[in-house]
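J.: Once you've had a glance at the structure underneath, I'll fire off some questions.
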Amino acid sequence: MIALPETAPTDVVTAEGLDTGVSCFPSREQYHDLVASFRDDGFELLADLCAVDYLTHPGRQLPDGVTPERFEVVVNLLSLSKKVRARIRVQVPENDPRVESLFDLYPGVEAMEREAYDLFGVLFDHHPDLTRILMPEEWEGHPLRKDYGVGRVPVQFKEAPGPR
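Residue 58 is where the sequence shown starts when you use the numbering used here, and the numbers rise one by one after that.
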């Protein structure tokens with residue numbers, strides 16, 4: 058397991074990842090600074106950012122010191138030069154689903170944060186254009202939330218065979 062960067066915020070909870078060099082569980086207040094410390098330590102690529110809704114799995118296992126919340130934002134960072142990866146998992150409460158945007162650190166994250174906002178309703182503070190990316194602007198709700206109604210829009214297939 059790799060160590061946290063020297064400039065990382067203190068008292069960030071870490072755990073050995075199954076397929077990563079390190080998994081970190083910062084608080085929302087530590088999140089942006091932790092990612093910045095990894096970037097400054099040679100993690101050139103933010104490979105992925107996604108959101109997860111744990112509404113139906115409230116008792117999932119997390120390291121000691123991490124309080125589970127309904128939502129989690131997961132960031133995968135790669136250091137191509139060191140050949141290691143890091144996973145950042147920040148807990149996001151349902152009653153205030155927001156974290157700091159990473160756009161100022163990794164501009165390529167812009168669309169990934171918009172997707173997490175659009176589909177899960179997680180807000181990214183200081184994002185340059187936090188608007189829907191997949192759903193129409195007038196769409197109500199966030200379709201990947203576990204409590205979102207199923208089958209709200211009938212699917213229509215072009216050139217589907219009609220009744221016989």
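All C-beta atoms in this analysis are idealised placements derived from N, C-alpha and C, irrespective of residue type, glycine included.
Does the distance from the CB of F181 to the CB of F160 come in under 9 Å?
T.: For F181 and F160, yes; Cβs fall inside 9 Å.
J.: Please check the pair V70 and F82, which I expect to be a contact at CB under 8 Å, by giving their CB distance rounded to whole angstroms.
T.: Between F82 and V70 the Cβ distance is about 4 Å, and since that is below 8 Å, they are a contact.
J.: Can you round the beta-carbon distance between L102 and L135 to whole angstroms, since I take them to be within the 8 Å contact cut?
T.: Going by Cβ atoms, the distance from L102 to L135 rounds to 4 Å, so yes, they are a contact pair.
J.: Is the beta carbon of Y88 sitting closer than 9 Å to the one on V141?
T.: Cβ atoms of Y88 and V141: not closer than 9 Å.
J.: For D175, name the three-state secondary structure that DSSP assigns.
T.: The answer is helix: DSSP assigns D175 an H, G or I state.
J.: Going by Cα to Cα distance, which pick from L187, S84, G116, D175 is closest to W196?
T.: Of the listed residues, the one whose Cα sits closest to W196 is D175.
J.: DSSP on A104, reduced to helix/strand/coil?
T.: Here A104 sits in strand by DSSP.
J.: So, using beta-carbon positions, are R202 and V149 closer together than 9 Å?
T.: No, Cβ-Cβ distance for R202 and V149 is not below 9 Å.
J.: Considering Q87, what are the terminal residues of the alpha helix (DSSP H) in which it resides?
T.: Residues 85 to 97.
J.: Restricting to Cα atoms, I'd like to know which of E167, E170, V156 is closest to D31.
T.: This structure gives no information on residue 31, because the portion of the chain shown stretches from 58 to 221.
J.: Indicate the three-state DSSP secondary structure (helix, strand or coil) for A143 in the structure shown.
T.: The answer is strand: DSSP assigns A143 an E or B state.
J.: On the three-state DSSP scale, how would you describe A72?
T.: Reduced to three states, the DSSP call for A72 is strand.
J.: Let's test the definition: count the other Cβ atoms within 10 Å of the Cβ of L112 and tell me whether it reaches 16, buried, or not, exposed.
T.: Classification for L112: exposed.
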